[in-house]
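Visitor: Sharing a structure, written as C-alpha cells. Questions coming.
2 protein chains.
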Amino acid sequence: MSMQMIFEALASPVRRKILAYVAHHEMNAGDIAARFDMSKPSISQHLQLLEHAGLVASEKRGKFVYYKQVPDTLASTLTGFVQDVCPIGGPIRRESAELARKAKAAEAEKPAE
Amino acid sequence: MSMQMIFEALASPVRRKILAYVAHHEMNAGDIAARFDMSKPSISQHLQLLEHAGLVASEKRGKFVYYKQVPDTLASTLTGFVQDVCPIGGPIRRESAELARKAKAAEAEKPAE
DNA sequence: TATATAATTAGGTAATCGTCTAATCGTTTT
DNA sequence: AAAACGATTAGACGATTACCTAATTATATA
Chain A
1 MSMQMIFEAL ASPVRRKILA YVAHHEMNAG DIAARFDMSK PSISQHLQLL
51 EHAGLVASEK RGKFVYYKQV PDTLASTLTG FVQDVCPIGG PIRRESAELA
101 RKAKAAEAEK PAE
Chain B
1 MSMQMIFEAL ASPVRRKILA YVAHHEMNAG DIAARFDMSK PSISQHLQLL
51 EHAGLVASEK RGKFVYYKQV PDTLASTLTG FVQDVCPIGG PIRRESAELA
101 RKAKAAEAEK PAE
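Those protein sequence lines, which keep their order, are chains A and B. Note that the UniProt record's numbering has the first sequence beginning at 1, numbered continuously upward. Note that the UniProt record's numbering has the second sequence beginning at 1, numbered continuously upward.
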C-alpha cells in the first residue's frame, strides 16, 4: 500500500497487463491465467503482489476468486508522484487538459456507467 | 525510452530520489552521489539507467557531467498509463482538478520561472 | 609533463525475482 | 463420501539486479 510497493508492482509487464484486464470488470484467477502463457501459480503470485500493493481487491465466491481493480489508488499515487517530480507548470496541466478531452470523448461513446 | 524502461527505472527508491534531485535544476554526478550512502559507481549506474529510459539527460562540461530531468516524458507516460488502466470518468479528472489547484498555488508562491 | 580530480568501466558476489512442478486446501458435484 | 475442480502454498532453480572495490579514461591544473 506504500508508494514503493505500487511502483514495484507496476515494474512488471505481466502485472500491468493483469491490471488492465481487471480495470473495468472483475475476473476470476483462472480466467486471468488463461490469458497468459504462464502457469497458474505464477499468475496467482502476481495477483497477490498486486493485492498487497493495494491495487486490486479479491473476493472469493464459491470455488472462484474474483479480482478487480481498486480504482483510486493508482491515479492518486501516480499523479502525486508526477506532482513531486515534474517541473511544475506547463506539462502536467497540458496533460490534464488532453486527459479530460479523451475522457469526455470516451464517455460520449459509451453512455452507460 | 519504452514504457517498460520507464516503469523499471521508477521501481527503485534511489532512482526516484535522484529524479527528484534533478527535477528542478541540473546537478553533477558527484554532487548527486554525495546525497546517498552509496558508492559513486553505483550512482553512476543508476544515472545511466535513468538516461536510457529517457528520463534524464546528461551534458559533459569540463570535468563534470551534469544531469537534469527531461521534463515531459514522465508526465505523459504515466498519465497515458493511468488513462489506459483506470476506470475512465471520475478519478482522473478529480485528480487533474486538484493538480491544477496545487500548481496554481505553487506558481503564486514562486513567480519567477 | 606529471599529478589530481571527476566519472565511468570492469569484474565479482550476495540477494532478489520470476518461473516451474508437486503438493495442499477449500468447494462443489456425483 | 469420493471425485473433480479452482486456487494457493511450498520448494527448488536459473537469471537478473544491486551493490562493492579496483582499474581506466578524460579533463584540468601545478
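For each residue, glycine too, the CB sits at the ideal point set by N, CA and C.
Residues of chain A with a CB under 9 Å from the CB of B/V82: which are they?
Guide: The residue labelled residue 82 of chain B in the question sits at position 82 within the second sequence. Ordered by position in chain A, the residues that pass the 9 Å Cβ test against B/V82 are L74, A75, L78, T79 and L99.
Visitor: Measure the CB-CB distance between A/S12 and A/H52 and report whether it falls below 8 Å.
Guide: In the first sequence, counting from the first residue as 1, residue 12 of chain A sits at position 12. In the first sequence, counting from the first residue as 1, residue 52 of chain A sits at position 52. Contact flag unset, no.
Visitor: Residues in its own chain within less than 7 Å of B/L55 by CB, not counting five upstream and five downstream?
Guide: Working through the second sequence from its first residue, we reach residue 55 of chain B at position 55. So the qualifying residues of the chain are I6, A9, L19, Q69, V70, T73 and L74.
Visitor: At least one CB of chain A closer than 8 Å to the CB of B/Q48: is that the case?
Guide: Position 48 of the second sequence, counted from the start, is the residue given in the question as residue 48 of chain B. False, the Cβ-Cβ gap to chain A never drops below 8 Å.
Visitor: Between B/L49, B/R15, B/L50 and B/R61, which lies nearest to B/P35 when the distance is taken from Cα to Cα?
Guide: Looking up residue 35 of chain B in the second sequence gives position 35. Note on residue identity: the sequence assigns Arg, not Pro, to residue 35 of chain B. Looking at the Cα atoms, B/R15 is the closest of the given residues.
Visitor: Output the boundary residues of the beta strand (DSSP E) element that contains B/S2.
Guide: In the second sequence, counting from the first residue as 1, residue 2 of chain B sits at position 2. Counting along the chain, B/S2 falls outside any beta strand (DSSP E), and DSSP gives it neither H nor E.
Visitor: Over the uninterrupted beta strand (DSSP E) stretch that includes A/E59, give me the two end residues.
Guide: Your numbering for residue 59 of chain A matches position 59 in the first sequence. It spans V56 to R61 - the beta strand (DSSP E) in which A/E59 sits, taken as one unbroken run.
Visitor: Looking at A/V82: is its Cβ nearer than 8 Å to the Cβ of B/L50?
Guide: In the first sequence, residue 82 of chain A corresponds to position 82, counting from 1. In the second sequence, residue 50 of chain B corresponds to position 50, counting from 1. No, these two residues do not count as a Cβ contact at 8 Å.
Visitor: So B/Q4 contacts chain A; which residues on that side make the cut at Cβ distance below 8 Å?
Guide: In the second sequence, counting from the first residue as 1, residue 4 of chain B sits at position 4. Within chain A, the residues near B/Q4 are P13.
Visitor: Please say whether A/M27 and A/Y66 have beta carbons closer to each other than 8 Å?
Guide: As a first step, residue 66 of chain A must be located in the first sequence, where it is residue number 66. As a first step, residue 27 of chain A must be located in the first sequence, where it is residue number 27. Yes, the Cβ-Cβ distance between A/Y66 and A/M27 is below 8 Å.
Visitor: Would you call the CB atoms of A/V85 and B/A33 closer than 8 Å?
Guide: Here residue 85 of chain A refers to the residue found at position 85 when the first sequence is read from its first residue. Here residue 33 of chain B refers to the residue found at position 33 when the second sequence is read from its first residue. Result no, Cβ atoms of A/V85 and B/A33 do not sit closer than 8 Å.
Visitor: Would you kindly work out how many angstroms separate the C-alpha atoms of B/P91 and A/G80, rounded to a whole number?
Guide: Here residue 91 of chain B is taken as the residue at index 91 of the second sequence, counted from 1. Here residue 80 of chain A is taken as the residue at index 80 of the first sequence, counted from 1. For B/P91, the pLDDT reaches just 47, beneath the cut-off of 50, and the residue's location in the model is therefore unreliable, although a value from the coordinates is still provided. If I take the Cα positions, the gap works out to 13 Å.
Visitor: Decide if A/S2 is buried, meaning its Cβ has at least 16 other Cβ atoms within 10 Å, or exposed.
Guide: Counted from its first residue, the first sequence places residue 2 of chain A at position 2. A/S2 should be labelled exposed.
Visitor: Note down, in chain order, each residue of its chain lying with its Cβ closer than 6 Å to the Cβ of B/F64, except the 5 sequence neighbours on either side.
Guide: The residue labelled residue 64 of chain B in the question sits at position 64 within the second sequence. Closer than 6 Å at the Cβ level, and outside the excluded window around B/F64, lie N28.
Visitor: Can you give the Cα-Cα distance for A/G62 and A/S44, rounded to whole angstroms?
Guide: Working through the first sequence from its first residue, we reach residue 62 of chain A at position 62. Working through the first sequence from its first residue, we reach residue 44 of chain A at position 44. Approximately 17 Å, taken between the alpha carbons.
Visitor: Would B/S33 pass as an interface residue toward chain A - the criterion being a Cβ-Cβ separation below 8 Å?
Guide: Position 33 of the second sequence, counting from 1, holds the residue named residue 33 of chain B. Per the sequence shown, the amino acid found at residue 33 of chain B is Ala instead of Ser. No, B/A33 does not count as interfacial toward chain A.
Visitor: What residues of chain B sit near A/V85, judged by a beta carbon separation below 7 Å?
Guide: By 1-based counting over the first sequence, the position of residue 85 of chain A is 85. L19, A20, A23 and L74, listed in chain order.
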